[in-house]
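Per the working numbering, residue 5 is the first one in the sequence shown, and the count goes up by one each step.
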Amino acid sequence: MTGRMIVWDYNGTILDDTEICLEIENRMLRERGLPNPVTLEDYRRNFGFPVINYYYRIGYTFETETYEEVSDEFNLLYEQEFPRMKLAEGFLPFIDDACAKGYEHVIVSASRQDKLERQCETLGISSYFTELIGIDDHLAGSKIDKALAWQQRTGYDPKDMIYIGDTVHDLETAAALGITNYWLIACGHQAEEVLRRETDRVVTSFKDIKI
């Protein structure tokens with residue numbers, strides 16, 4: 005296909021959910037008697053993909069419960085807290101401007117497909133996107149395979165694409181797609197210092213992204 009496309013991450017980029025994720029994690033740590041609280045600064049310095057490695061870093065051993073069981077609990081609590089979450093500051097003006105300039109949009113997310121679709125509908129943003137692409141489970145694994153399958157199916161040229169995310173995994177996904185015009189926003193799930201160790205294409209606001 006031809007045309008200009010922006011590939012979006014969802015959690016931490018479009019959806020401002022970082023602090024509520026941290027609240028949930030600290031609640032779960034307290035209930036297990038594990039060291040807490042994790043501060044927002046610690047969270048952003050230590051978070052990463054695969055998420056199971058992050059859980060090990062904050063004290064989980066998975067000796068008495070599985071990662072899948074912990075993920076189930078986290079996702080149940082996340083769903084309960086979702087009504088408190090909001091769109092990231094500056095997202096709507098930015099995407100409205102991008103649409104006016106002729107860009108199409110797709111989300112590629114490590115969220116489970118049905119959850120991604122339901123949340124975007126609730127947030128009133130589904131109509132902005134030609135596709136919403138999530139993963140098949142709730143374990144927050146790599147989304148690269150899903151992104152590559154979408155690219156192969158649609159045929160978008162990487163030279164006509166921009167990628168916007170908030171983690172090093174988004175940088176890896178952009179690289180897998182061959183996209184060199186990417187931006188990482190340092191107000192989501194990873195700290196600016198973490199992102200800048202990998203690239204200088206880091207901003208702190210949608211206002212800093214030029215398209």
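Ideal placement from N, C-alpha and C gives every residue a C-beta, glycine not left out.
Beta-carbon gap between I189 and D170 smaller than 8 Å: Within the sequence shown, the letter at position 185 stands for residue 189. Within the sequence shown, the letter at position 166 stands for residue 170. Taking 8 Å as the Cβ cut-off, I189 and D170 qualify as a contacting pair.
Opposing strand residues paired with H109 [DSSP bridges]: For this step, residue 109 is matched to residue 105 along the sequence shown. Partner(s): I10.
M32 in three-state terms, based on DSSP: Stepping through the sequence shown from its first residue, residue 32 is reached at position 28. Note: M32 maps to helix in three-state DSSP.
Among R88, G52, R205, nearest to I24 - alpha-carbon criterion: As a first step, residue 24 must be located in the sequence shown, where it is residue number 20. That would be R88, whose Cα lies nearest to the Cα of I24.
Buried or exposed (CB count within 10 angstroms, at least 16 for buried), K163: Indexing the sequence shown from 1 puts residue 163 at position 159. With a threshold of 16 other beta carbon atoms within 10 Å, K163 falls short and is exposed.
A144 to S131 span [Cα, whole Å]: Taking the first residue of the sequence shown as 1, we reach residue 144 at position 140. Taking the first residue of the sequence shown as 1, we reach residue 131 at position 127. Summary for A144: the model assigns pLDDT 48, below 50, so the residue's position carries little reliability; its value from the coordinates is reported in the next sentence. C-alpha of A144 to C-alpha of S131: approximately 24 Å in a straight line.
Cβ separation of R36 and V198, assumed to be a contact under 8 Å, to the nearest whole Å: By one-based count along the sequence shown, residue 36 stands at place 32. By one-based count along the sequence shown, residue 198 stands at place 194. About 26 Å; that fails the 8 Å criterion.
Option in F98, C103, S113 with minimal Cα separation from D13: Here the question's residue 13 lines up with position 9 in the sequence shown. Of F98, C103, S113, the residue nearest in Cα terms is S113.
G169 - partner residues in DSSP beta bridges: Residue mapping note: residue 169 aligns to position 165 of the sequence shown, counting from 1. Looking at the DSSP output, G169 sits in a beta bridge with L188.
Opposing strand residues paired with V206 [DSSP bridges]: In the sequence shown, the residue the question calls residue 206 occupies position 202. L188, per the DSSP bridge assignment.
Cβ pair W154, I137 closer than 8 Å: Against the sequence shown, residue 154 aligns to sequence position 150. Against the sequence shown, residue 137 aligns to sequence position 133. Note that the C-beta distance between W154 and I137 is below 8 Å.
Neighbour-count burial assignment, F51, 16 or more Cβ in a 10 Å radius: Taking the sequence shown and counting its residues from 1, the one referred to as residue 51 is at position 47. Here F51 is buried: its Cβ has 16 or more other Cβ atoms, across all protein chains shown, within 10 Å.
Nearest candidate by alpha-carbon position, reference Y160, set E69, D21, E202, E108: Within the sequence shown, residue 160 is the residue found at index 156, counting from 1. The shortest C-alpha separation from Y160 is found at E108.
Terminal residues of the beta strand (DSSP E) in which W135 lies: Within the sequence shown, residue 135 is the residue found at index 131, counting from 1. Residue identity differs from the one stated: residue 135 is Glu in this sequence, not Trp. Element bounds for E135: 135-139.
Whether H173 touches G16 by CB criterion (8 Å): For the purposes of this step, residue 173 is taken as residue 169 along the sequence shown, with counting starting at 1. For the purposes of this step, residue 16 is taken as residue 12 along the sequence shown, with counting starting at 1. No, the pair does not count as a contact, with Cβ atoms beyond the cut-off.
CB contact flag (F78, I111, <8 Å): Counting from one through the sequence shown, the residue named residue 78 turns up at place 74. Counting from one through the sequence shown, the residue named residue 111 turns up at place 107. No, the pair does not count as a contact, with Cβ atoms beyond the cut-off.
Buried/exposed call for A195, threshold 16 Cβ in 10 Å: As a working note, residue 195 is residue 191 in the sequence shown. Buried.
K147 in three-state terms, based on DSSP: Position 143 of the sequence shown, counting from 1, holds the residue named residue 147. Here K147 sits in coil by DSSP.
Beta-carbon gap between K147 and T184 smaller than 8 Å: Working through the sequence shown from its first residue, we reach residue 147 at position 143. Working through the sequence shown from its first residue, we reach residue 184 at position 180. Cβ distance not < 8 Å, so K147 and T184 don't count as in contact.
Per DSSP, cross-strand counterpart(s) of D212: As a first step, residue 212 is located in the sequence shown; it is residue number 208 there, counting from the start. Paired residue(s): none; D212 is not in a bridge.
Reference I28, options I18, P41, S115, closest by Cα: Position 24 of the sequence shown, counted from the first residue, corresponds to residue 28. Checked all of I18, P41, S115; the closest Cα to I28 is P41.
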